[in-house]
Every structure is written in structure tokens, then in C-alpha cells.
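Residues are numbered in this note's numbering as their position in the sequence shown, beginning at 1, plus a constant of 820. Glycine residues also receive a C-beta, built at the ideal position from the N, C-alpha and C atoms. Computed from a prediction, not measured in an experiment: that's the story for all the values here.
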Amino acid sequence: MNAAEPTAGPMRVQGACHCRAVRLTAEVQLSRVFVCHCTDCQVLTGSAFRVVVPVVPGSLQVQGAVKGYPRTADSGNVRWQYFCPECGTPMYAGTPDGAGLATVRVGVLQERALLQPTAQLWRRSALPWVNVMDGVPACEQQELLG
């Protein structure tokens, strides 16, 4: 597949945490990549939003030990947040039995450049500056820190 022309869908992806102790593979739909602006996602990422992609049911395979905890959403639904217990990288959310919807954090995937967002969720919680990034000075690495 050409990086400039991704197909509409299902695509096999693979990823790993920062320390590589946890690895995963899954099938995802390129047409369902979401930016979530909810306040939980802001706190969980330490950033302005989180980018996730739902996995095709039954396709998520995880190698290595993950740690998880339950979080009750505003809807009342309980979602488990799973992360690497060694380096703390957030990996995915789902249910302990694997039967419910699972979403993988796009940042852990090797194919992340192909996973262009298709929708934004919880826009009412978006930080007011997320639309002005084009006007913020930029550099190729970290030259502006010096």
C-alpha cells in the first residue's frame, strides 16, 4: 500500500509500547480514526487530545503483560484503560473479557502516519488553541528550545 493512498479498510497494524515490553497487532478500519477531546483523554495523554482507532472485534492480540484499571465514562459505561506496567505507555482501552469495543492508541502503532483522523469526539471539551497550530512557530527537531 502506498502511504499517500491508503485504502478504506480493514488494515492489519502492529505496535509496541515505548520500552517494547508490550506489543500488539490488530485489524482496524481506516475510515474510523477518532480524535477525542474529552477531559479524560486530555489527562490520560498529558496532552490536548487522544487519537484512537477501534479494532475489528476479536482481532486484537497482545504480547507481554499489561496493567489495567476501570474508568466509568459520563455515559455510565465502564472502559478499562490498559498500559505497559514497565514504561507506562497507554496502549488500548476495552473490556477485561475482550468482548466489548476495544480502541488502540494510534501513537503506539507503526502505521500511525496512515491513520488520518476521520472524526472528532467531545469537541465541546477541546482546548481553545487546537485550531491555531499552523500559526505557531515550528522547527524540524528542537532547535527552538535553545
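- In the three-state reduction of the DSSP assignment, VAL876 falls in the coil class.
- About 5 angstroms separates the beta carbons of VAL873 and VAL853, which is inside the 8 angstroms limit, making them a contact pair.
- Around the beta carbon of HIS838, fewer than 16 other beta carbons sit within 10 angstroms, so the residue counts as exposed.
- Per the DSSP secondary-structure output, ARG891 pairs in a beta bridge with ARG899.
- A residue is called buried once 16 or more other Cβ atoms fall within 10 Å of its Cβ, and THR923 is buried on that count.
- For VAL848, the pairing in a beta bridge is given by DSSP as MET831 and VAL875.
- For ASN951, the closest of GLN834, GLU847 and HIS857 by C-alpha to C-alpha distance is HIS857.
- If the five residues before and after CYS907 are omitted, its C-beta is found closer than 6 angstroms to the C-beta atoms of CYS837, HIS838 and CYS839, all from its own chain and listed in chain order.
- In this structure, LEU941 is the residue among PRO830, VAL863, GLY920 and LEU941 with its C-alpha nearest to the C-alpha of VAL855.
- DSSP places GLN961 outside both helix and strand once states are collapsed to three, so it counts as coil.
- Contact annotation: VAL882 and VAL928 have beta-carbon atoms that are not nearer than 9 angstroms.
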